[in-house]
């Protein structure tokens, strides 16, 4: 792993956890007492009864645990070169998403403006991190997702992006095991991962149809 780390750049901070006093403890005790007299025989029945009891006393059942997706980025020597010959550093962003439609529909220019990005993605956006990748560099990160994060999106801010290859989105559940590997090139990304949800006209691991637009001189 290289020296770069994926640090939250625009993290959405949750509010402070409320203090739990005597009323909360009394509610837990009541929930436990009601559970003991419920008489459920199976484990599933006990869990359902306990969840309903917590709701009855004004408490919520524990939320599902968060999960993580291993991400591996490999930059080519011609990284972000466009139709030129010299590679330059590239800003890469990783998005934690509830749903992917708005993320996939947004134009490239949306991701150049932080406020516009938030407005367009709305409540589908759970969090975003970014890092700077140099030509030839390898970067690995274990991307944490909240329980309702179902997709991981990646946007590379190429100087002259190839259509459809500057943005990819992955199924977080399918990617959680083996992770995702992404190659970054002159103006496009590639990936061999089966967790890819982005629909491409050509194989995602190939650059055969990716043509870099001319750089703005």
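Residue numbers (my numbering): 357 to 573.
The beta-carbon is built from N, C-alpha and C at its ideal position, and this holds for glycine as well.
In three-state terms, what does DSSP make of residue 534? Numbered from its first residue, the chain shown carries residue 534 at position 178. If DSSP states are grouped into helix, strand and coil, residue 534 belongs with coil.
Take residue 432 and list the residues in its own chain whose beta-carbon comes closer than 8 Å to its own, dropping the five residues that flank it on each side. What you label residue 432 is simply residue 76 of the chain shown in a count that begins at 1. Closer than 8 Å at the Cβ level, and outside the excluded window around residue 432, lie 443, 491, 492, 539, 540, 541, 542.
How many angstroms separate the CA atom of residue 561 from the CA atom of residue 522? As a first step, residue 561 must be located in the chain shown, where it is residue number 205. As a first step, residue 522 must be located in the chain shown, where it is residue number 166. Their backbone Cα atoms lie some 14 Å apart in a straight line.
Residue 462 and residue 501 - do their beta-carbons sit closer together than 9 Å? As a first step, residue 501 must be located in the chain shown, where it is residue number 145. As a first step, residue 462 must be located in the chain shown, where it is residue number 106. It is not a contact, given that the beta carbons lie outside the stated cut-off.
Where do the N-terminal and C-terminal ends of the alpha helix (DSSP H) with residue 458 fall, by residue? By one-based count along the chain shown, residue 458 stands at place 102. Note, residue 458: alpha helix (DSSP H), 457–461.
Return yes when the Cβ of residue 498 is within less than 9 Å of the Cβ of residue 425, no when it is not. Residue mapping note: residue 425 aligns to position 69 of the chain shown, counting from 1. Residue mapping note: residue 498 aligns to position 142 of the chain shown, counting from 1. Contact: yes.
Member of 485, 459, 486 whose CA lies at the smallest distance from the CA of residue 473: In the chain shown, the residue the question calls residue 473 occupies position 117. Of the candidates 485, 459, 486, the one whose C-alpha sits nearest the C-alpha of residue 473 is 459.
If you draw a straight line from the C-alpha of residue 486 to the C-alpha of residue 450, how long is it? The count along the chain shown starts at 1 and reaches residue 486 at position 130. The count along the chain shown starts at 1 and reaches residue 450 at position 94. Those two C-alpha atoms are separated by around 6 Å.
Would you mind sorting residue 398 into buried or exposed? The rule is 16 or more other CB atoms within 10 Å of its CB. Position 42 of the chain shown, counted from the start, is the residue given in the question as residue 398. Model confidence at residue 398 stands at a pLDDT of 44, short of 50, so the residue's coordinates are unreliable and nothing is read from them.
Check the DSSP bridge columns for residue 428 and list the partner residues they point to. Here residue 428 is taken as the residue at index 72 of the chain shown, counted from 1. In DSSP, residue 428 forms a bridge with 496, 537.
Skipping 5 residues on each side, what residues in its chain have a beta carbon closer than 7 Å to that of residue 447? Looking up residue 447 in the chain shown gives position 91. 486, 488, 513.
Expected contact under 8 Å - CB spacing of residue 422 and residue 516 to nearest Å: Here residue 422 refers to the residue found at position 66 when the chain shown is read from its first residue. Here residue 516 refers to the residue found at position 160 when the chain shown is read from its first residue. Actually they do not touch by this definition, with Cβ atoms about 37 Å apart.
With DSSP as the reference, please indicate the residues paired to residue 561 in a beta bridge. For the purposes of this step, residue 561 is identified with residue 205 of the chain shown, where counting begins at 1. For residue 561, which the question treats as bridged, DSSP gives no partner whatsoever.
I'd like the span of the beta strand (DSSP E) that includes residue 449, first residue to last. Reading the chain shown from its first residue, position 93 is the one you call residue 449. That run of the beta strand (DSSP E) goes 446–453.
To the nearest angstrom, report how far apart residue 456 and residue 437 are at their CA atoms. Here residue 456 corresponds to residue number 100 of the chain shown, with the count starting at 1. Here residue 437 corresponds to residue number 81 of the chain shown, with the count starting at 1. Their Cα atoms are separated by approximately 29 Å.
Assuming residue 477 is part of the alpha helix (DSSP H), what are its boundary residues? If you number the chain shown from 1, residue 477 lands on position 121. Here the alpha helix (DSSP H) through residue 477 covers 470–477.
Tell me which residue opens and which closes the beta strand (DSSP E) that residue 484 is part of. The residue given as residue 484 occupies position 128 in the chain shown. Element bounds for residue 484: 481–489.
Spatial distance of residue 384 from residue 505 (CA atoms): For the purposes of this step, residue 384 is taken as the residue at position 28 of the chain shown. For the purposes of this step, residue 505 is taken as the residue at position 149 of the chain shown. Because the pLDDT at residue 384 is just 38, under 50, the model does not fix this residue reliably, and the value given afterwards should be weighed accordingly. Residue 505 has its alpha-carbon roughly 29 Å from the corresponding atom of residue 384.
Contacts around residue 553, its chain only, beta-carbon distance under 8 Å, and the 5 residues preceding and following it disregarded: What you label residue 553 is simply residue 197 of the chain shown in a count that begins at 1. Only residues of its own chain outside the window of five on either side were considered, and among them 456, 507, 525, 526, 527 have a CB closer than 8 Å to the CB of residue 553, listed in chain order.
If you measure from the beta carbon of residue 482 to each beta carbon in chain D, is any gap under 9 Å? Of the protein chains in the structure, only one exists, and it is not chain D.
Here's the rule: buried if 16 or more other CB atoms are within 10 angstroms of the residue's CB, otherwise exposed. What is residue 429? Numbered from 1 along the chain shown, position 73 holds the residue referred to as residue 429. Classification of residue 429: buried, given that the 10 Å Cβ count is 16 or more.
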